[in-house]
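Undergrad:
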Amino acid sequence: MKFSQILIPTTKETPNDASLPSHIYLIRAGFIQGYSSGLYNMLPLGKIVLDKVRAIVKEELDNAGAMEVSLGFVTPSSFWKDSGRIDKYGKELLKFEDRHGAEFVLSATNEESMVNLVKGSIKSYKNLPINLYQINLKFRDEIRPRFGLMRGREFLMKDAYSFHVDSDDMIREFNLMEATYSKIFTRLGLDFRIVEADSGAIGGSGSKEFMILADSGEDTIKVCSSCNYGANVEVETGEVCPKCGDALNETKGIEAGHIFQLGTQYSDALDAKFLDNNGKAQPFVMGTYGIGVSRLLAGIIEQNHDDKGCIWTKESAPFSVNIIISNIKKEEEVAEATKLYNELKAKGIDVLLDDRKDRFGAKIKDFELIGIPTAVIFGKKLSDGLVEVVERRTLEKSEVSVDNLLNEVLKRV
RNA sequence: CGGAGUGUAGCGCAGUCUGGUAGCGCACCUGGUUUGGGACCAGGGGGUCGAAGGUUCGAGUCCUUUCACUCCGACCA
Numbered sequence: 030m031k032f033s034q035i036l037i038p039t040t041k042e043t044p045n046d047a048s049l050p051s052h053i054y055l056i057r058a059g060f061i062q063g064y065s066s067g068l069y070n071m072l073p074l075g076k077i078v079l080d081k082v083r084a085i086v087k088e089e090l091d092n093a094g095a096m097e098v099s100l101g102f103v104t105p106s107s108f109w110k111d112s113g114r115i116d117k118y119g120k121e122l123l124k125f126e127d128r129h130g131a132e133f134v135l136s137a138t139n140e141e142s143m144v145n146l147v148k149g150s151i152k153s154y155k156n157l158p159i160n161l162y163q164i165n166l167k168f169r170d171e172i173r174p175r176f177g178l179m180r181g182r183e184f185l186m187k188d189a190y191s192f193h194v195d196s197d198d199m200i201r202e203f204n205l206m207e208a209t210y211s212k213i214f215t216r217l218g219l220d221f222r223i224v225e226a227d228s229g230a231i232g233g234s235g236s237k238e239f240m241i242l243a244d245s246g247e248d249t250i251k252v253c254s255s256c257n258y259g260a261n262v263e264v265e266t267g268e269v270c271p272k273c274g275d276a277l278n279e280t281k282g283i284e285a286g287h288i289f290q291l292g293t294q295y296s297d298a299l300d301a302k303f304l305d306n307n308g309k310a311q312p313f314v315m316g317t318y319g320i321g322v323s324r325l326l327a328g329i330i331e332q333n334h335d336d337k338g339c340i341w342t343k344e345s346a347p348f349s350v351n352i353i354i355s356n357i358k359k360e361e362e363v364a365e366a367t368k369l370y371n372e373l374k375a376k377g378i379d380v381l382l383d384d385r386k387d388r389f390g391a392k393i394k395d396f397e398l399i400g401i402p403t404a405v406i407f408g409k410k411l412s413d414g415l416v417e418v419v420e421r422r423t424l425e426k427s428e429v430s431v432d433n434l435l436n437e438v439l440k441r442v
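This note's numbering puts the first residue of the first sequence at 30, with every later residue one more than the last.
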């Protein structure tokens, strides 16, 4: 895409109400725009990144055999009364009435809706197991929303729910989801730990959290210095690793995923049963699995930024290559840059062409702020047949011959 | 909900103490000159100073009430 045609309102000034790097840079680089406490608009760049992350989540879940659905954002309060959660979840639920006085809530999570969906469509063990998920808006009226996308009130969440004939099969799926989440976080280029956790308001027994390691994390976790063991401090109070006996270190993490072994808590409460192979009614044994998709964006930047701006990882970047035309009035620069732009597009590579009338300084600053992994600069040395290639993460520059340029760029994406 | 702060142009801020014609920087528009690290010159547009009420000849400024937003805490995927 061409920079001149996308809305990317970058700013030099740090917004007065942002303190975390992810919050500051996502706003300054024109990814998001806040408009009320805990509420954000996704601008074009933010939407592109969100869709990329979402696509990775979807791809891995589909590969694991889960199926995507989309449940309504508005749910009757009766769903929550039936499960007994209307009081337990309390004020985080945004409640309202329709014109007839019927009570509704905005979905904060969808165990009830999903159990009702399955209850109405699955009657036999022959249709089990099944894992249904959705990636859509949630609303939680947080006591104190903060840190931009990190803890918004409205946010994009992937929530999956699995249904099984027994606990063994549910645990098999739980382990599969753990492996699937690991693939997702790894593809996104994140440094993360899987930790033992409390189950919180969701309930259930076994539960693990996926923590993105970052100083600004809201959770304190203990991680083993040699193996991959990790646990939430509320769960783990010891000083040595129960797995291998080495020292445990305290660190901060951002909770971006959480998987639960639910059991029959919701199927019992909502009277959701199937017929087993003896024709006997049994409650579904359930698991539930969540990823904070919009929170992942904040997490990626918390873990990947410098004092100049964002540094997107390969699979999360809005574009793979940022082509900079140093001086838009130099016909040769425009021609050569446009040529590379078209060649890369033809290869299916996401590329941003900075064709604005601004000077070089503004363009390179925006490149550093936005954080696309690689920049290609068509400038002064083009008359000698040379262009400059810059790696965003290291800011390392190298000169490349125009003749060899396409291959050189392709090597990097 | 306790504690602390902030609301003045799209963004960042000064002006409020000590009441007297609404300011600065960035951004934006027009013209010109520039073009490798956020250019320069000239001209220009944009505000019910968060809201309501009060005091006063006169309120951005003083008083009262209220709303919003941010930070710390408790709480929470």
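No residue lacks a Cβ here, since even glycine has one placed at the ideal position from N, Cα and C. Just so you know, these numbers come straight off a predicted model, no measurement behind them.
Kindly give me the distance between the Cβ atoms of H287 and A226, rounded to whole angstroms, as I take these residues to be in contact under 8 Å.
TA: The residue labelled residue 287 in the question sits at position 258 within the first sequence. The residue labelled residue 226 in the question sits at position 197 within the first sequence. H287 to A226, Cβ: 7 Å. Contact.
Undergrad: What is the residue span of the alpha helix (DSSP H) that H52 lies within?
TA: By one-based count along the first sequence, residue 52 stands at place 23. Residues P50 to R57.
Undergrad: Please go through the same chain and pick out, in chain order, the residues whose beta-carbon is closer than 7 Å to the beta-carbon of L304, but skip the five residues on each side of it.
TA: The residue given as residue 304 occupies position 275 in the first sequence. Hits under 7 Å: K152, S153, Y154 and A310.
Undergrad: What residue from M199, V363, M96 and M143 has the CA that sits closest to T104's CA?
TA: For this step, residue 104 is matched to residue 75 along the first sequence. The candidate whose alpha carbon is nearest that of T104 is M143.
Undergrad: For L68 versus F60, is the C-beta spacing smaller than 8 Å?
TA: As a working note, residue 68 is residue 39 in the first sequence. As a working note, residue 60 is residue 31 in the first sequence. Taking 8 Å as the Cβ cut-off, L68 and F60 do not qualify as a contacting pair.
Undergrad: Which of helix, strand or coil does DSSP assign to L382?
TA: Here residue 382 corresponds to residue number 353 of the first sequence, with the count starting at 1. Reduced to three states, the DSSP call for L382 is strand.
Undergrad: Give the list of continuous beta strand (DSSP E) stretches no shorter than 3 residues that lie fully inside the region 214 to 300.
TA: The region 214 to 300 contains these whole beta strand (DSSP E) runs: 221 to 225, 236 to 242, 248 to 253, 259 to 261 and 277 to 292.
Undergrad: On a CA-only basis, which of K251, G101, G113 and V86 is nearest M206? Give me that one, please.
TA: Start at 1 with the first residue of the first sequence, and residue 206 comes out as number 177. Checking every option, the nearest Cα to that of M206 belongs to V86.
Undergrad: Which of the three DSSP states is assigned to M199 in this structure?
TA: By 1-based counting over the first sequence, the position of residue 199 is 170. It is helical.
Undergrad: Is E428 helix, strand or coil when you go by DSSP?
TA: Taking the first residue of the first sequence as 1, we reach residue 428 at position 399. Here E428 sits in strand by DSSP.
Undergrad: Work out the CA separation of G94 and K213 for me, nearest whole Å.
TA: Your numbering for residue 213 matches position 184 in the first sequence. Your numbering for residue 94 matches position 65 in the first sequence. According to the sequence displayed, residue 213 carries Ile and not Lys. I213 and G94: Cα-Cα distance of roughly 15 Å.
Undergrad: Whose CA, out of Y190, R173, D300 and E247, lies closest to the CA of D111?
TA: For this step, residue 111 is matched to residue 82 along the first sequence. Closest by alpha carbon: D300.
Undergrad: Comparing C-alpha positions only, which one of P402, G130, L415 and D413 sits nearest to G218?
TA: Along the first sequence, read from residue 1 onward, the residue named residue 218 stands at position 189. The candidate whose alpha carbon is nearest that of G218 is P402.
Undergrad: So for L36, helix, strand or coil by DSSP?
TA: Indexing the first sequence from 1 puts residue 36 at position 7. Here L36 sits in coil by DSSP.
Undergrad: Under a Cβ-count criterion, where at least 16 other Cβ atoms within 10 Å of its own Cβ denotes burial, should S65 be classed as buried or exposed?
TA: As a position in the first sequence, residue 65 is number 36, starting the count at 1. Exposed: under 16 other Cβ atoms inside 10 Å.
Undergrad: Quick one: give me the first and last residue of the alpha helix (DSSP H) that N156 is part of.
TA: Stepping through the first sequence from its first residue, residue 156 is reached at position 127. Element bounds for N156: n/a, residue is neither H nor E.
Undergrad: Given a cut-off of 8 Å on the beta-carbon distance, is the pair I223 and F239 in contact?
TA: Residue mapping note: residue 223 aligns to position 194 of the first sequence, counting from 1. Residue mapping note: residue 239 aligns to position 210 of the first sequence, counting from 1. Yes, these two residues count as a Cβ contact at 8 Å.
Undergrad: Cα-Cα, which of K237, G408 and G321 is closest to I263?
TA: Position 234 of the first sequence, counted from the start, is the residue given in the question as residue 263. For clarity, residue 263 is Glu in the given sequence; the question names Ile instead. Cα-wise, what sits closest to E263 is K237.
Undergrad: Short check: CB of I320 to CB of K187, under 8 Å?
TA: Position 291 of the first sequence, counted from the first residue, corresponds to residue 320. Position 158 of the first sequence, counted from the first residue, corresponds to residue 187. Result yes, Cβ atoms of I320 and K187 sit closer than 8 Å.
Undergrad: Helix, strand or coil for A310? Go by DSSP, reduced to three states.
TA: Locating residue 310 in the first sequence gives position 281, where the first residue counts as 1. If DSSP states are grouped into helix, strand and coil, A310 belongs with the strands.
Undergrad: Does DSSP classify S323 as helix, strand or coil?
TA: For this step, residue 323 is matched to residue 294 along the first sequence. Helix at S323.
Undergrad: Hey, how far is the Cα of G282 from the Cα of D244?
TA: As a first step, residue 282 is located in the first sequence; it is residue number 253 there, counting from the start. As a first step, residue 244 is located in the first sequence; it is residue number 215 there, counting from the start. One C-alpha to the other measures close to 7 Å.
Undergrad: Counting Cβ pairs, one atom from each stretch, are 3 or more of them under 8 Å apart for the region 370 to 387 and the region 417 to 433?
TA: No, they do not touch.
Undergrad: Can you tell me which of the three DSSP states G315 falls into?
TA: Here residue 315 corresponds to residue number 286 of the first sequence, with the count starting at 1. Note that residue 315 is Met in the sequence shown, not Gly. Residue state, collapsed to three classes: strand.
Undergrad: Which two residues bound the contiguous alpha helix (DSSP H) that contains G63?
TA: Taking the first residue of the first sequence as position 1, residue 63 is located at position 34. Per DSSP, G63 belongs to no alpha helix (DSSP H); it is in the beta strand (DSSP E), I61 to S65.
Undergrad: Can you tell me whether V269 is buried or exposed, with buried defined as 16 or more other CB within 10 angstroms of its CB?
TA: The sequence position of residue 269 within the first sequence is 240, counting from 1. Label assigned to V269: exposed.
Undergrad: Helix or strand or just coil, what does DSSP make of V194?
TA: Locating residue 194 in the first sequence gives position 165, where the first residue counts as 1. Coil, per DSSP.
Undergrad: Can you tell me the Cα-Cα spacing of D46 and G63, whole angstroms?
TA: Walking along the first sequence from the start, residue 46 turns up at place 17. Walking along the first sequence from the start, residue 63 turns up at place 34. Between D46 and G63, the C-alpha separation is close to 10 Å.
Undergrad: Would you call F184 buried or exposed, if buried means 16 or more other Cβ atoms sit within 10 Å of its Cβ?
TA: For this step, residue 184 is matched to residue 155 along the first sequence. Answer is buried; the Cβ neighbour count reaches 16.
Undergrad: How big is the Cα-Cα spacing for E437 and S211?
TA: Taking the first residue of the first sequence as 1, we reach residue 437 at position 408. Taking the first residue of the first sequence as 1, we reach residue 211 at position 182. For E437 and S211, the distance between alpha carbons rounds to 31 Å.
Undergrad: Residues in the same chain with beta-carbon distance under 8 Å from H334, minus the five sequence neighbours each way, listed in chain order, please.
TA: Residue mapping note: residue 334 aligns to position 305 of the first sequence, counting from 1. Correct list, in chain order: P50, S51, Y54, I340 and G400.
Undergrad: Taking only runs of the alpha helix (DSSP H) that begin and end inside the region 364 to 411, which ones reach a length of at least 4 residues, in chain order?
TA: DSSP runs (the alpha helix (DSSP H)) wholly in the region 364 to 411: 389 to 399.
Undergrad: From T43 to K394, what does the alpha carbon distance come to, in whole angstroms?
TA: Translated into positions along the first sequence, residue 43 becomes position 14. Translated into positions along the first sequence, residue 394 becomes position 365. So the two alpha carbons sit approximately 14 Å from each other.
Undergrad: Evaluate M199 with the Cβ neighbour count: other Cβ atoms within 10 Å of its Cβ, from every protein chain shown; 16 or more gives buried, anything less gives exposed.
TA: As a position in the first sequence, residue 199 is number 170, starting the count at 1. Answer is buried; the Cβ neighbour count reaches 16.
Undergrad: With distances taken from CA atoms, which of A391, T280, L178 and Y162 is nearest F168?
TA: Here residue 168 is taken as the residue at index 139 of the first sequence, counted from 1. Taking only the C-alpha atoms, the option nearest F168 is L178.
Undergrad: On the CB-based measure, 16 or more other CB atoms within 10 Å of its CB, does D127 come out buried or exposed?
TA: Against the first sequence, residue 127 aligns to sequence position 98. D127 comes out exposed.
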